[in-house]
Structure formats: C-alpha cells, structure tokens
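For the sequence shown, the working numbering assigns the number 30 to the initial residue and increments by one for each residue that follows.
Cβ atoms here follow ideal geometry from the backbone N, Cα and C, with glycine treated the same way.
Before any comments, here is the structure.
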Amino acid sequence: MLHGAGGGTAWDMKEFASVAHKRGYSIWLPSLPGYGTKPSDLIDVTLDDWLTEAREGAERLLKSCDTVAVVGHSVGGLLALVLAADGNNVSRVIAWAAPWRINSVLLSLLPVLTKLPIARKIIPKHVPVEVPSHIKNMGWVGYEWLPISLGFIILAAVKRLHASVNKVTCAAFIAQGTKDKVIHKSSAQDIFERIPGSDKDIYFIKGGSHALMQDSCKAHLFQRTLEFIERSDIP
Numbered sequence: 030m031l032h033g034a035g036g037g038t039a040w041d042m043k044e045f046a047s048v049a050h051k052r053g054y055s056i057w058l059p060s061l062p063g064y065g066t067k068p069s070d071l072i073d074v075t076l077d078d079w080l081t082e083a084r085e086g087a088e089r090l091l092k093s094c095d096t097v098a099v100v101g102h103s104v105g106g107l108l109a110l111v112l113a114a115d116g117n118n119v120s121r122v123i124a125w126a127a128p129w130r131i132n133s134v135l136l137s138l139l140p141v142l143t144k145l146p147i148a149r150k151i152i153p154k155h156v157p158v159e160v161p162s163h164i165k166n167m168g169w170v171g172y173e174w175l176p177i178s179l180g181f182i183i184l185a186a187v188k189r190l191h192a193s194v195n196k197v198t199c200a201a202f203i204a205q206g207t208k209d210k211v212i213h214k215s216s217a218q219d220i221f222e223r224i225p226g227s228d229k230d231i232y233f234i235k236g237g238s239h240a241l242m243q244d245s246c247k248a249h250l251f252q253r254t255l256e257f258i259e260r261s262d263i264p
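So, in structure tokens, the structure goes:
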C-alpha cells in the first residue's frame, strides 16, 4: 500500500490495511522516503527513490505470497500504476484519487516560474498542509508543511504515468470522489480509458473528497476494493 504526497504518512492507509489484514492478506505499508521524519528530508528525494521503495516492497511480499496487489492513494496511486506498467509481477493495481491532471495553477507553472529570476524570488520555499479538522481529530499523522520542490516529483510522476499507462496489463481498479478538488474531475476516466484490456473497473464515489479513505464513504470503498482484488474471473 502506498500513501500520497500531501503531507500524510502510512497513517493515511492504516485503516484499510487493518481491514485487509483481518481478511487474511499480508500487508506492506511503508512511509515513502522523506516522510515520517521531518519535512526538509523531502528536499533531496526523487521519484526513483519512491519507485524503488515500492518495487522492493512488492519483491519482499512475493517471497512469501503467490501474487501481489498494489493499492495507492493520490500520488501513491500514480506509483502503483507505474509499478504495474513496469511489470514487477503485479497481479492487481488499485488507484484511489490518482491524478491525471492536478488542480493547481502553481504546480502546473512551477517548471516555468523557477526558470525566471524574478519569479524565483517570490515563489514560496514551502507550502502549508491543510488537513480537515475531522481528519486531524481521527489522529492524523503527517507534516504541517511541504517543500515546494516536492512539486517537481509530483509532476514527474504524472509525466511517467502519461508515458506508461498503456503498458498496464494487469487488472486495474480506479476510484475517484465526485467532490475531489485536488485532482481534475476527469482524472479517473482519463486513466481508465488509457489502460488496455478489459480486466478493469472504475468507481465514482458520490460526494467523495480527495481523502477517500477517511470519508464517510470509506466502508464502501474498502469493500469494492477487496471485491475487486478477490474477483475469480480475473487471472
């Protein structure tokens, strides 16, 4: 299981990990490199660092499991899809709220702005992490701010997905909330349509936000995800 890049840690996926574990699954749920320590540790992290961590986790599970399903949220969903596109013996890939495009003007313009001397002086070095109070009250663990350099990793992950999504040959489950304001509203559909083959499913959660696994709809999301993983009609 792979968490996103919005400041959270493995805590974001902890509840689903517990549900899946009780169902009998072996779980590997890391904090990706740069997370779970201090925000500044993210400054020198690369996309390949995250993909290496994900790849090594899949390899570790395959030592004791016959198959591996990768579940990722947001940027973690991008990592899961890229991992599946690269092969890595992934039998199922599940992407919750994975971005094909992101609703952030600053992020989209970041590569251009950082090349302009005047713009570099006014671009913030870090951005605050806005976490809804109800999620904080659940015991959320994460960072209060993120370095702006993290935007380059996110853009690189989106670009990598654009280049490789048509190589995803394993079964795929794509989910997105209808009230997700972080990623573009067509992201799930854009990803779904570009995955070849018929062993795939898409699930739009009415009223769901970006943090699907903490929404009131999470029980339905968890159930649909597990049903997909356990489908007997998919190789």
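Determine the closest residue to residue i out of the options, with distance taken between C-alpha atoms.
i, options, result
"R52", "G35, L255, P161", "L255"
"L76", "L108, H213, N166, L135", "L108"
"D228", "N117, I263, K214", "I263"
"V187", "L241, G106, I152, A98", "G106"
"E44", "D95, L135, D244, T81", "D244"
"G171", "V48, S47, G63", "G63"
"S133", "A124, F181, A49", "F181"
"R260", "L61, A200, Y54, S69", "A200"
"D115", "L71, S215, T81, L175", "T81"
"L135", "R253, P146, P153, V160", "P153"
Helix, strand or coil for residue i, going by three-state DSSP, please let me know.
i, result
"W169", "coil"
"T66", "coil"
"L184", "helix"
By DSSP's criteria, residue i is part of a beta bridge. Which residues make up the other side?
i, result
"F202", "I123, D230"
"V97", "V119"
"Y155", "According to the sequence shown, residue 155 is His rather than Tyr. In the DSSP output, where bridge partners are listed per residue, H155 has P176."
"G37", "G171"
"L31", "G101"
"I131", "I212"
My assumption, with CB atoms under 8 Å, is that residue i sits in contact with residue j. Please give the rounded CB distance.
i, j, result
"V8", "H191", "Only positions 30 to 264 of the chain appear in the structure, and residue 8 is not among them; the question remains open."
"A217", "I231", "6 Å"
"A113", "V100", "In fact, because the Cβ distance is near 11 Å, the residues do not count as touching under 8 Å."
"H213", "R130", "4 Å"
"S60", "T38", "5 Å"
Are the beta-carbon atoms belonging to residue i and residue j less than 8 Å from one another?
i, j, result
"I234", "F221", "no"
"G33", "S103", "yes"
"K196", "G236", "no"
"R189", "V141", "no"
"L90", "S55", "yes"
"A175", "V158", "Inspection of the sequence shows that residue 175 is occupied by Leu rather than by Ala. Taking 8 Å as the Cβ cut-off, L175 and V158 qualify as a contacting pair."
"V97", "V74", "no"
"D12", "M167", "Outside the shown range of the chain, which is 30 to 264, sits residue 12, and nothing can be said about it."
"Y87", "L31", "First, the residue type needs correcting, since residue 87 is Ala and not Tyr in the sequence shown. Contact: no."
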